[in-house]
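Numbering (the working numbering), first residue to last: 1261 to 1370.
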């Protein structure tokens, strides 16, 4: 799963959001590390919808424009949970290996 997809799914967990709302929430959740452009957002959303992880919640007219709100599906929640578990396991493995690694100069554990 790509980092943008991971953060988009995470952004949609608590409430349906429209495009700019998703962009803002992803930037907030990632502490500015993931900055989505609207064009790339909709590319990822289209893929997530196609995979059954996200679905259209509703459309609303706002200032003469149509806003589409998206929500995460149950399959999306399960996929995100599995990805979060996988990432956490990988982080634990790396942390353990880093902690066990010996310093080549002193010969002691870090």
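Glycine is no exception: its CB is placed at the ideal position from the N, C-alpha and C atoms.
- Between residue 1265 and residue 1282, the gap from beta carbon to beta carbon reaches 8 Å or more.
- The C-alpha of residue 1360 lies about 58 Å from the C-alpha of residue 1323.
- When the Cα atoms are used, residue 1327 and residue 1276 turn out to be separated by approximately 12 Å.
- In terms of Cα proximity to residue 1318, the closest of 1332, 1311 and 1288 is 1332.
- The beta carbon of residue 1339 lies closer than 7 Å to those of 1313 in the same chain, with the five residues before and after it left out.
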